[in-house]
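Note that my numbering gives residue 64 to position 64 of the sequence shown, counting from 1, and the numbers run on in steps of one.
Let me begin by presenting the structure, written as structure tokens, before commenting on it.
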Amino acid sequence: MDLGLTNLRALVTAASRGLGAATARQLSLEGASVAICSRDQAHILATAEALKAEASRPVLGLAGDVSDPRSAEALVEQAAIALGGLDILVTNAGGPPSGPFEALDFAAWEKAFHLNLLSTVSLIRAALPTLRQSRHAAILTITSYSAKQPIPNLVLSNSLRAAVIGLTKTLANELGPSGIRINSIMPGWTRTERVEELMAARARQKGTDVETEIAAQVAAIPLQRMASPEEFAQVAAFLCSPAASYIHGAMIPVDGGAILASL
Ligand code: NAD
């Protein structure tokens, strides 16, 4: 199936590695012109080079911090100027720290609010004027299955992902009449560098190894394994593409069945 992504222009944030990088790679392989960002210039340029080599298409690497609204605006502006417009915006950011409610102070809440909710608001606000000029405008927010099924010890993520989903659903109503589609993917456990690091830390703490910790984590997932970043990215690229032209306001789990509720 041709997704119709050839020559569409996309900005994928927080994409020097993990889900963001995999999404940028897939969009690029499908023929889109892609800009990516993360805070560290050396890392983002290295990822841009690697993606460019694989897809034989230019990939623009930009340094910026999406949790800072001014930086988020500048990233959108630089991407739109360099790409000659914008059709696709994928809002991604790093994850907030783990911990139970009583271990997290107000500063931790404020930081997570800036990283995971306000970043989404700033990026979308900045991109809307440019997206309105596209015939194939699409926004994808990356959240977590924790919005539907809270993960123990992750109160910041559980709370703020739900807020981003409320924002996504509200914008579906407000932007639909302009033809701007917006959806969210709620990823389940996906084997990115961050998850590898998390499992390695658990293994060190318990005196086990990474594979033992992964096996313990996936025991409650019906598919009994984690996703690969590519499995996530294929869904992301589809949702951003004209092939998904009637999918709007949808919260799509890519979680191997981890969300146990029926609805
Ligand atoms: P990751 O740590 O591997 O990658 C995060 C990327 O974001 C990196 O490129 C990092 O440089 C960049 N980044 C972090 N903070 C940034 C900021 N303030 N501004 C710009 N760039 C920033 O993480 P991942 O596993 O790819 O996860 C991506 C997001 O999806 C996270 O929010 C994570 O919590 C969420 N998520 C991941 C999983 C999973 O299993 N991997 C599951 C559910 C939700």
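Cβ atoms here follow ideal geometry from the backbone N, Cα and C, with glycine treated the same way.
Mind listing, in chain order, the continuous alpha helix (DSSP H) runs of no fewer than 4 residues lying wholly within the segment 13-69? 18-29, 41-55
How is Met226 classed by DSSP in three states: helix, strand or coil? Along the sequence shown, read from residue 1 onward, the residue named residue 226 stands at position 226. Note: Met226 maps to coil in three-state DSSP.
Please say whether Gln26 and Ala233 have beta carbons closer to each other than 8 Å? The residue given as residue 233 occupies position 233 in the sequence shown. The residue given as residue 26 occupies position 26 in the sequence shown. Result yes, Cβ atoms of Ala233 and Gln26 sit closer than 8 Å.
State yes or no: is the C-beta of Trp109 nearer than 7 Å to some heavy atom of the ligand NAD? Here residue 109 corresponds to residue number 109 of the sequence shown, with the count starting at 1. No.
Is Ala203 close to the ligand ADP? I mean its beta-carbon at under 7 Å from any heavy atom of the ligand. As presented, the structure is devoid of the ligand ADP, carrying the ligand NAD as its sole ligands.
In chain order, what residues of the same chain have a beta carbon less than 6 Å from the beta carbon of Ala163, not counting five sequence neighbours either side? For the purposes of this step, residue 163 is taken as the residue at position 163 of the sequence shown. The residues are Leu117.
So Ala32 packs on Leu5, CB below 8 Å; how close in whole Å? One-based indexing of the sequence shown puts residue 32 at position 32. One-based indexing of the sequence shown puts residue 5 at position 5. Confirmed, about 5 Å.
Sorted by chain position, which residues of the same chain lie with C-beta nearer than 7 Å to Val235's C-beta, five sequence neighbours on each side aside? As a working note, residue 235 is residue 235 in the sequence shown. Excluding sequence neighbours, Val235 sits near Ile185, Ile252, Val254.
So is the beta-carbon of Pro187 under 7 Å away from any non-hydrogen atom of the ligand NAD? Walking along the sequence shown from the start, residue 187 turns up at place 187. Checking every heavy atom of the ligand NAD against the Cβ of Pro187, one is found closer than 7 Å.
Let me know the beta strand (DSSP E) ranges lying completely inside the segment 90-175, each 3 residues or longer, listed in chain order. 138-142
So Gly179 and Ile221 are supposed to be a Cβ contact under 8 Å. How far apart are they, rounded? Taking the sequence shown and counting its residues from 1, one reaches residue 179 at position 179. Taking the sequence shown and counting its residues from 1, one reaches residue 221 at position 221. Between Ile221 and Gly179 the Cβ distance is about 37 Å, and since that is not below 8 Å, they are no contact.
Beta-carbon proximity of Gly85 to Thr141, cut-off 8 Å: To locate residue 85, count along the sequence shown from 1; it is residue 85. To locate residue 141, count along the sequence shown from 1; it is residue 141. Contact: no.
When you compare the CB positions of Cys240 and Val34, do they come within less than 8 Å of one another, or not? Position 240 of the sequence shown holds residue 240. Position 34 of the sequence shown holds residue 34. Not in contact: Cys240 and Val34 (Cβ atoms no closer than 8 Å).
Using the three-state DSSP reduction, which class does Thr190 fall into: helix, strand or coil? Within the sequence shown, the letter at position 190 stands for residue 190. Looking at Thr190 - three-state DSSP - the assignment turns out to be strand.
Suppose you measure from the CA of Asn7 to the CA of Arg70; what does that come to, to the nearest Å? As a working note, residue 7 is residue 7 in the sequence shown. As a working note, residue 70 is residue 70 in the sequence shown. Going from the Cα of Asn7 to the Cα of Arg70 covers about 28 Å.
Helix or strand or just coil, what does DSSP make of Met251? As a position in the sequence shown, residue 251 is number 251, starting the count at 1. Correct three-state label for Met251: strand.
Spell out the partners DSSP gives Leu11 in its beta bridges. As a position in the sequence shown, residue 11 is number 11, starting the count at 1. Answer is Ala35, Leu89, bridged to Leu11.
Check the DSSP bridge columns for Ile182 and list the partner residues they point to. Against the sequence shown, residue 182 aligns to sequence position 182. Answer is Ile139, bridged to Ile182.
Output yes or no for whether 8 Å exceeds the beta carbon distance between Val66 and Ser119. Residue mapping note: residue 66 aligns to position 66 of the sequence shown, counting from 1. Residue mapping note: residue 119 aligns to position 119 of the sequence shown, counting from 1. In contact: Val66 and Ser119 (Cβ atoms closer than 8 Å).
Proximity test, Thr192 beta-carbon vs the ligand NAD heavy atom, cut-off 7 Å: Along the sequence shown, read from residue 1 onward, the residue named residue 192 stands at position 192. Yes; taking the cut-off as 7 Å, the Cβ of Thr192 has a heavy atom of the ligand NAD nearer than that.
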